[in-house]
Amino acid sequence: MERIAEPELMERKEQVISYAKADFSEGENKLINQINNFLINKNICLDENKLIVDLGCGPGNISEKLSLKWPKADVVGIDGSKEMIRIAELNKKNSPNRCQLKNLRYLCADIKSLKTSEISREKNISLLVSNSLIHHITYLDDFFNCIDKLSSNITINFHKDLKRPNSEKLALELKEKCAEKYNDILTNDYYASLMASYTLQELKNFIFDNKLSSLEVFEEGDQYLVIYGKV
Ligand SMILES: C[S@@+](CC[C@H](N)C(=O)[O-])C[C@H]1O[C@@H](n2cnc3c(N)ncnc32)[C@H](O)[C@@H]1O
Numbered sequence: 042m043e044r045i046a047e048p049e050l051m052e053r054k055e056q057v058i059s060y061a062k063a064d065f066s067e068g069e070n071k072l073i074n075q076i077n078n079f080l081i082n083k084n085i086c087l088d089e090n091k092l093i094v095d096l097g098c099g100p101g102n103i104s105e106k107l108s109l110k111w112p113k114a115d116v117v118g119i120d121g122s123k124e125m126i127r128i129a130e131l132n133k134k135n136s137p138n139r140c141q142l143k144n145l146r147y148l149c150a151d152i153k154s155l156k157t158s159e160i161s162r163e164k165n166i167s168l169l170v171s172n173s174l175i176h177h178i179t180y181l182d183d184f185f186n187c188i189d190k191l192s193s194n195i196t197i198n199f200h201k202d203l204k205r206p207n208s209e210k211l212a213l214e215l216k217e218k219c220a221e222k223y224n225d226i227l228t229n230d231y232y233a234s235l236m237a238s239y240t241l242q243e244l245k246n247f248i249f250d251n252k253l254s255s256l257e258v259f260e261e262g263d264q265y266l267v268i269y270g271k272v
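Sequential numbering from 42 applies to the sequence shown in our numbering.
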């Protein structure tokens with residue numbers, strides 16, 4: 042099935058509100074555990090002076106979880122949508138954990154023009170994360186150029202996203218399942234996201250063609266893709 046790109050930024054107010062209100066905590070906790078297990082296996086400790094960046098952070102659900110999991114590190118959530126960043130700041134302010142979120146800040150910036158110096162002038166990024174971002178990016182080059190630019194030799198990348206279904210029939214079945222749980226706006230956005238997602242082979246080909254062989258990519262279940270490792 043051909044990919045159909047969708048707008049990169051999520052900027053419409055009702056779209057942002059629907060996304061921010063939805064409960065994705067099961068998947069978010071799973072991602073944090075996966076990253077934690079990966080770091081433990083590699084003997085990497087995210088303590089003082091370490092920097093974690095969450096690209097395409099949206100309403101900040103994962104940025105907050107990263108901040109709570111690694112309280113000694115600094116966490117920066119980045120999104121190009123002013124409305125998403127506004128909601129992320131609001132969520133942080135109203136969070137029952139707000140006292141512990143002092144290591145978390147947000148930046149409104151497009152990943153295509155983002156400079157390392159906008160994030161930190163002193164620290165290299167130790168952990169570069171994204172969730173459900175890659176499918177928004179029209180050209181894969183823009184995503185990989187961004188992670189390449191932001192990564193140093195210490196940076197561990199961990200990026201998870203939807204996988205494009207093999208057929209429109211399967212995409213419509215997944216949309217129907219989504220509609221059982223979420224409202225129309227979110228369901229239509231989810232369908233557009235499925236159609237805009239990349240396949241395992243597309244990511245593998247990009248990594249191979251661009252000699253990024255330190256990055257691994259694998260399928261998680263039948264709906265997700267994970268890219269991890271060093272650039
Ligand atoms: C589906 S949301 C995921 C939000 C969050 N990572 C999560 O898992 O809940 C994708 C986010 O990526 C942001 N985004 C898309 N393209 C971007 C770009 N070029 N630069 C910065 N942010 C971008 C969108 O505005 C949106 O907030």
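The C-beta atom is built at its ideal place from N, Cα and C for all residues, glycine as well.
For PHE79, the uninterrupted alpha helix (DSSP H) run begins and ends at 66-82, by DSSP. ASP115 sits in a strand when the DSSP states are folded into three classes. Around the beta carbon of TYR180, a 10 Å sphere encloses fewer than 16 other beta carbons of the protein chains shown; the residue is thus reported as exposed. The shortest C-alpha to C-alpha distance from ASP64 to any of ASN144, CYS219, SER154, ILE175 is the one to CYS219. For CYS149, the enclosing beta strand (DSSP E) has its first and last residue at 145-149.
Under the three-state reduction of DSSP, GLU261 is assigned to strand. DSSP lists no beta-bridge partner residue for LEU191. The beta carbon of LEU213 is closer than 8 angstroms to those of TYR232 in its chain, skipping five residues each way along the sequence. Taking a 10 Å sphere around the C-beta of ASN198, we find 16 or more other C-beta atoms and assign the residue as buried. Between the stretch 58-75 and the stretch 153-163 there are fewer than three inter-stretch CB-CB distances shorter than 8 angstroms, so the stretches are not counted as touching.
Within the stretch 189-240, the complete beta strand (DSSP E) runs of at least 3 residues fall at 197-203. Where SER171 is concerned, the enclosing beta strand (DSSP E) starts and stops at 168-172.
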